[in-house]
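Structure record follows, encoded as structure tokens.
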Amino acid sequence: VAPQRIFSGMQPTSDSLHLGNYLGALTQWVALQDGYDPIYCVVDLHALTVNPEPAVLRERTRRTAAQYLAAGVDPSRSLLFVQSHVPEHAQLTWILSCLTGYGEASRMTQFKDKSAKHGNEGTNVGLFTYPILMAADILLYDTALVPVGEDQRQHLELTRDLAQRLNARFGADTVVVPEPYIVKATAKIYDLQEPTAKMSKTASSPNGLVELLDDPKVVAKRIRSAVTDTEREIRFDTAAKPGVSNLLSIYSALSGRTITDLEGSYEGKGYGDLKKDLADVVVAFLEPFQARFHEFLDDPAQLDAVLADGAERAREIAAPVLARVYDRSGL
Ligand code: ADP
Ligand code: NA
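Everything in the sequence shown is counted per UniProt numbering, starting at 3 for the first residue and increasing by one.
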């Protein structure tokens, strides 16, 4: 049997990805290169929803691709491309838009949060149809599994509903109905200063965020000043001790040590010890990551070649899927 198709992407909406993106998604992407057929995308059309300066968007798209490569995405085992290089994404979005209920789209919690923040006049329609574009991204590649963080679960549910609707209307094998692939231990990395809110490039305060391209000294300081609680015990308990639990999750994911092992080795020690050691672990990860990132970014010809090859191979997969949907829709 053919290996299962994987699809995932991230928005180029900042100069650097953060630890939540890395642990929630990127590490799974890299792991899934063994035994699966992965496609990883820089979703620049999604990033247009925040109306970036053109030169900034273009630069962030390259930086995001270079961070995928630095994390271990290997173009000989994964297809890596930029969303806007494959026009089929926008084309399928229109068809899916016509199958999505207005009420259904209005119920997306990410849209509700963002539109509440910006108000009706400050909210563009792209933000509203964002999950439909995401559904198109996934369905265009006959995707079986979508590795994402917990925050994308509702969008994935919409993707599945749309896939089932297409199949019900146009024939059972029109598109593949994908499954989310969410690794519980790292599905949600929290803000260091507000450990009940997800770490996020838009919502987190600078001190709550660990960006992969931040100065390691600054990162170490942020970890050492992470919010914990007034107890002394180093114990994993997300309800009672969200700050300590978040630090343990990050520590475990980056070091490969289990939470139980970490709890045992910090018995009788203080939060200061935990934070100091975690700061060392994070810095030991960041330094070589950043060196690899700069190597990829500083070789624009090679980066362009990887992305051009990816776009070509992506279109070879996406075009027949779109043609199938067009044909069955009566277009
Ligand atoms: P952001 O939410 O920071 O704007 P994206 O929407 O581009 O980032 O998300 C890219 C990927 O990173 C998605 O798979 C998302 O689920 C994951 N992700 C984002 N924030 C976190 C987090 N705090 N913990 C775990 N995964 C996350
Ligand atoms: Na997100």
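Ideal placement from N, C-alpha and C gives every residue a C-beta, glycine not left out.
Here the structure is a predicted model, which means the values were calculated and not measured.
Of Y192, F83 and R167, the smallest CA-CA separation from A310 is found for F83. Within a 10 Å sphere around the beta-carbon of N53 sit fewer than 16 other beta-carbons, which makes this residue exposed. Short of 6 Å from the beta carbon of A255, and not among the five residues preceding or following it, lie these beta carbons of its own chain, in chain order: L25 and T188. With a cutoff of 8 Å, M110 does not count as near the ligand ADP, since its C-beta is closer than that to no heavy atom of the ligand. T240 and N126 have their C-alpha atoms some 36 Å from each other. The set of residues with any CB-heavy atom separation to the ligand ADP below 5 Å comprises, in chain order, M12, Q13, G22, N23, G26, A27, V150, G151, D153, Q154, K190, I191, K200, M201, S202 and K203. In the structure shown, K203 falls within a coil segment according to DSSP collapsed to helix, strand and coil.
Judged by beta-carbon spacing, F9 lies beyond the 9 Å limit of Y132, meaning their Cβ atoms are not closer than that value.
By the C-beta density criterion, Q85 is buried, having at least 16 other C-beta atoms within 10 angstroms. Annotation: the stretch 135-201 contains the following complete segments of the alpha helix (DSSP H) (minimum length 4 residues), in chain order: 155-172. Per the coordinates, the alpha-carbon of D175 lies some 13 Å from the alpha-carbon of D329. By alpha-carbon distance to L215, the top candidate from Q6, T15 and L21 is L21. DSSP places S267 in the helix class (H, G or I) of the three-state scheme.
Pairing D282 with R155, the inter-Cα distance amounts to about 32 Å. With a minimum length of 3 residues, there is no unbroken run of beta strand (DSSP E) contained wholly in the stretch 228-312.
When the beta-carbon positions are compared, A57 and V32 stay at least 9 Å from each other. In this structure, the alpha-carbon of E106 lies about 43 Å from that of I236. Taking all protein chains in view, the Cβ of V220 is surrounded by fewer than 16 other Cβ atoms within 10 Å, so the residue is classified as exposed. A straight line joining the alpha-carbon of K223 with that of L101 spans about 49 Å. If you look at P218, you'll find it in the alpha helix (DSSP H) that goes P218 to R226. For the pair T204 and R7, the Cα-to-Cα distance works out to about 30 Å. Under the DSSP assignment, Y104 falls in the alpha helix (DSSP H) whose first and last residues are Y104 to S108. For Y42, the pairing in a beta bridge is given by DSSP as S10 and L82.
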